[in-house]
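Please read the structure below before turning to the comments.
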Amino acid sequence: MAFLNLFLPFLLASLVCAIAPPAFRPKSGMHKINVDSVEVSHRTSGAKLLPLNTTYYFDQLIDHDNPSLGTFKQRYYFGYHYYEPGGPILLMNVGEQNADGFWTYLTNETITGKLAAEYNGAVVVLEHRFFGESNPYPDLSVKSFRVHTIQQAIDDHEYFVKNVRLPMPGGDQVSGPDKAPWVLFGGSYPGALTSYTMQNKPGLFYAGYASSAVVQAIADYWRYYEPIRQNMAKNCSADVQAVISYMDQVLTSNDSSKIQAFKATFGLEDLTHNDDVASAVSQIIGSWQELTLTAGAGSTWFQFCDALEVKDVKVAGPNGWGLENALAAWGSYYKTTYLSPTCGGATDSKDIAACLDTHDTSNPAWTNTTVNNAGRSWEWLVCTQFGFWQGGAPEDQPTIVSRLVNTAYYQRQCVNYFPEAFSSPPVVFLDALNVNKLYGGWNTTTERLFFLNGIRDPWREATVAADDTTSPGSDLQPHLLGDGYHCSDMLISEGISSPAVLKVQNTVVEYLGTMQPQYTGDPVTTNDGLVS
Ligand SMILES: *[C@@H]1O[C@H](CO)[C@@H](O)[C@H](O)[C@H]1NC(C)=O
Ligand SMILES: *[C@@H]1O[C@H](CO)[C@@H](O)[C@H](O)[C@H]1NC(C)=O
Ligand SMILES: *[C@@H]1O[C@H](CO)[C@@H](O)[C@H](O)[C@H]1NC(C)=O
Ligand SMILES: *[C@@H]1O[C@H](CO)[C@@H](O)[C@H](O)[C@H]1NC(C)=O
Ligand SMILES: *[C@@H]1O[C@H](CO)[C@@H](O)[C@H](O)[C@H]1NC(C)=O
Ligand SMILES: *[C@@H]1O[C@H](CO)[C@@H](O)[C@H](O)[C@H]1NC(C)=O
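Residues -18 to -1, 1 to 514 in mature numbering (1 follows the signal peptide of the UniProt record, and there is no 0) are what the sequence shown spells out, letter by letter.
In C-alpha cells, the structure reads:
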C-alpha cells in the first residue's frame, strides 16, 4: 500500500473501490487464526506428513442438475495426523470467503482439529463454490451465478462425500456415509449450510456442528444490531444513539448548510447522497463482529468506544458525555484512523467520496466480474436467497445505526451489482421465505445436529438462539449458548478465555463420543508414499 501511495497516486481513485466495495454490509464469516507451523507428523506412527497448507483439488460437478456440463476444481485442505481407520471424517466448509489460510482448522487450535484429536478423525477444509480459487466458471457474472445457489452448495457436499479419494492411506475406503461417519462443520453461513445439508440429505452426515448458524433467512434484518446494542458499554451506547439520532435529523432536514457541516465533521464533504453518508458513518458499528473474547484493546471497536468515552484521561459514566463531545470525538477518530484504510488507503476527499458512493452504477465495484471477490459472491446469495438487510431499527425501538440505512438501500445495490437479474427496487426478488420452507429455518428437526451460539453474536437473531425463535431444541438437537461472539466456539483459545464457551465445546466433545458409531479397521502403519 505504501508503495502504491508513493508511486501511483493517480491510479488510486480507480483502485480504491476495487479494493473496498462500497456496499458496506457488516461481514459474516469465521475467524482466521494464526498457527506457527505447517509441519506435521502422524500422531501414532510418527511419520512426517505433507505440510498442512498443501492444497488439494476435487473434481466437482459444475451443475448438479446437469452433470454433463462437466467439472471444476474445488480446493481443499486436508489433515490426517490424528486419523486411525474407523475414525470420523470431519468436513468443514469455509463458506463466504476465500479459503486461503484456513488449513489452521486442521490443527487442534480449532474445534475441528480438537474433535479429530479426540476421535482419531481426519479433517477436510473445503472452499465453497464461487469463492477464492473454486470457480465453476471463469467469472462472477449473472450467467455464471445460475449455479450459485444454496442447493448446489448442498449438492457439492454430497458429491464430495461420495466421490472423493482422500489423500491418505485408505483414503479411497471412506467415501460415502456407509464407509465412514462423516461429520459436517461450519460457522456463520456454513453453519446454516450444515443444518440445511442435514435436513436436505438425511443420512449423508452422521452428525453436524453448526456454529452461529444463520438458519433463518430474514429480509429486514435490523436485529443484527440488537446483540451489539445490548452488550456494548452503556456509555458508548448512549453516545452512539445520540449521534445517530442527530445525524438522521440533520440528513432529513433539507438544510443544506447543516448537512454540509455534518459531512465535513466526518471527512465526507464530497459524498453526495445522504443515505451513503448515513451508511458510511454507521458502518463502524459493524466492527463489533470482528471481536473475539481474546481480542485486546487494539481492536477497532474498543478504540472507537475509547475515543468517544475517554476525555482528558477521564472516563464517562453510563450516560456518556453527550452529543456534542460524541459528535466531535466520533468525527475525529473516523477521519484520522478509520476512513482511509476503509477506502483502500485513499486520502483525497473526492477519492473517498467515490469509494463510498453507491449511486454511481459505473463503479467497477459493481461491474467487475473477476473471480475471487467474496463480497460479490456473497451479495448474490443475499440478494437472491437470504436478504439479511442490516439496517436501522424501527421508529419505536432504540437504534445504534441510521434509519436511512434500510432494506431499500441494500436492494438498490442488488440492482447495481446484478442489473441482468433485477430491474429496479423495490422488487420482489427475495426468496427468503422459500429458503426457510425448503431447509427448515428455525424449525429444522434434524437429529445429531449441534447448534452453538454466542450471546454477543450480532447474527444471533437469525440463529436458533434468537429471542423469538420457534425452535426449542431437543436432546438429539442440542442448542448450546455461550457468552462469546460470532463463531467463538470454533476456536480453542476462546474456550480458554471463557468458561461458558469451554463448557459448550466440551459438551460437544463428550456428546459426540456417546453418539459415535463403531467402525473398525487396522491401525495405520504404512504411509503409502504420501509422506515427504
Ligand atoms: C477487477 O477485479 C480484479 C480482481 O480483484 C482486479 O485485479 C482488477 O484490477 C479489477 N478491475 C477493475 C477495472 O477494477
Ligand atoms: C506453506 O507454508 C510454508 C511455510 O510458511 C511456505 O513456505 C509455503 O510456501 C506454503 N505453501 C503453500 C502452498 O502455501
Ligand atoms: C495441540 O497439540 C500439540 C502437539 O500434540 C500439544 O502440544 C498442544 O497442547 C495441543 N493443543 C491443544 C489446544 O490441545
Ligand atoms: C465507558 O467507556 C469506557 C471506555 O470505552 C469503558 O471502559 C467503560 O466500561 C464504560 N463504562 C460504562 C459504565 O459504560
Ligand atoms: C424535506 O424535503 C422533502 C422533499 O421535498 C419533504 O418531503 C420533507 O418533508 C422535507 N423535510 C423537512 C424536515 O422539511
Ligand atoms: C416454524 O414453526 C412455526 C411454529 O410452529 C410456524 O409458525 C412457522 O410457520 C414455521 N416456519 C416455517 C418456515 O415452516
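A virtual CB, placed ideally from N, CA and C, is assigned to each residue, including glycine.
Inset, instruction - Could you have a look at Gln56 and say whether DSSP puts it in helix, strand or coil? - result: strand
Legend entry - the region 130 to 141 in contact with the region 37 to 52 per 3-pair CB rule at 8 Å: yes
Inset, instruction - For the alpha helix (DSSP H) containing Leu338, list its first residue and its last residue. - result: 331 to 338
Legend entry - Met150 (DSSP reduced to helix, strand or coil): coil
Legend entry - Val259 - containing beta strand (DSSP E), residue span: From DSSP, Val259 is part of no beta strand (DSSP E) but of the alpha helix (DSSP H) over 256 to 264.
Inset, instruction - Sort out for me which residues DSSP pairs Leu108 with in a bridge. - result: Tyr58, Asn75
Legend entry - Among Trp441, Ser456, Val486, the one whose alpha carbon lies nearest that of Leu463: Val486
Legend entry - Sub-7 Å separation of Gly173 and Ala195 beta-carbons: yes
Inset, instruction - My understanding is that Leu108 touches Asn75, with C-beta atoms under 8 Å, so please give their C-beta distance in whole angstroms. - result: 5 Å
Legend entry - Of the residues Val353, Gln133, Leu253, the one placed nearest Tyr178, counting alpha carbons only: Gln133
Inset, instruction - Return yes when the C-beta of Ser235 is under 6 Å from any heavy atom of ligand 5, and no when it is not. - result: yes
Legend entry - Identified DSSP bridge partners for Thr26: BP columns for Thr26 are empty, so no partner.
Inset, instruction - Using 10 angstroms around the beta-carbon of Lys216, count the other beta-carbons present and answer buried if the total reaches 16, otherwise exposed. - result: exposed
Inset, instruction - Can you tell me which of Ala243, Thr86, Thr26, Ala298 puts its alpha carbon nearest to the alpha carbon of Asn16? - result: Thr86
Inset, instruction - Alpha carbon to alpha carbon, how far is Gly374 from Leu494? Give it in angstroms, no decimals. - result: 40 Å
Legend entry - Glu361 burial status per 10 Å Cβ neighbour count (16 or more: buried): buried
Legend entry - Cβ pair Phe286, Ile266 closer than 7 Å: yes
Legend entry - For Leu233 and Ala260, believed in contact at Cβ under 8 Å, the rounded distance: 6 Å
Legend entry - 6 Å CB neighbourhood of Thr426 in its chain, flanking five on each side removed: Ser177, Gln181
Legend entry - Short Cβ contact (7 Å threshold) for Gln79 with Gly11: yes
Inset, instruction - Could you pull out every residue in the same chain whose Cβ sits closer than 6 Å to the Cβ of Tyr392, ignoring the five residues on either side in sequence? - result: Trp371
Legend entry - Buried versus exposed, by CB contacts within 10 Å (16 or more), Gly436: buried
Legend entry - Where the beta strand (DSSP E) containing Val165 begins and where it ends: 164 to 169
Inset, instruction - Consider the C-beta atom of Ile474 and the heavy atoms of ligand 3; say whether any pair is separated by less than 6 Å. - result: yes
Legend entry - For Pro3, three-class secondary structure by DSSP: At Pro3, the pLDDT of 40 sits below 50, so the modelled position is not reliable; the number obtained from the coordinates is stated separately. Note: Pro3 maps to coil in three-state DSSP.
Inset, instruction - Please classify Asp237: is it buried, with 16 or more other beta-carbons within 10 angstroms of its beta-carbon, or exposed? - result: exposed
Inset, instruction - Please confirm if the region 19 to 32 is in contact with the region 106 to 124, defined as three or more CB-CB distances below 8 Å between the two stretches. - result: no
Legend entry - Length of the line joining the Cα atoms of Glu272 and Ser281: 8 Å
Inset, instruction - Could you check how far apart the C-beta atoms of Gln198 and Ala444 are, in whole angstroms? I think they sit under 8 Å. - result: 5 Å
Inset, instruction - List the residues that DSSP assigns as beta-bridge partners of Ser193. - result: Gly169, Leu434
Legend entry - Cβ pair count under 8 Å reaching 3, the region 146 to 162 against the region 394 to 403: no
Inset, instruction - Less than 8 Å between the CB atoms is what I'm expecting for Lys332 and Asp252, so what's the real figure, rounded? - result: 5 Å
Inset, instruction - Determine the extent of the beta strand (DSSP E) in which His461 is found, giving its start and end residues. - result: 461 to 464
Inset, instruction - Starting from Asp41, follow its DSSP beta bridges and name the residues at the other end. - result: Lys55
Legend entry - Cβ separation of Ser116 and Lys183, assumed to be a contact under 8 Å, to the nearest whole Å: With 8 Å as the limit, Ser116 and Lys183 do not qualify as a contact, their Cβ atoms being about 20 Å apart.
Inset, instruction - Rank Ala98, Thr92, Ala262 by C-alpha distance to the C-alpha of Val383 and give the top, closest one. - result: Ala262
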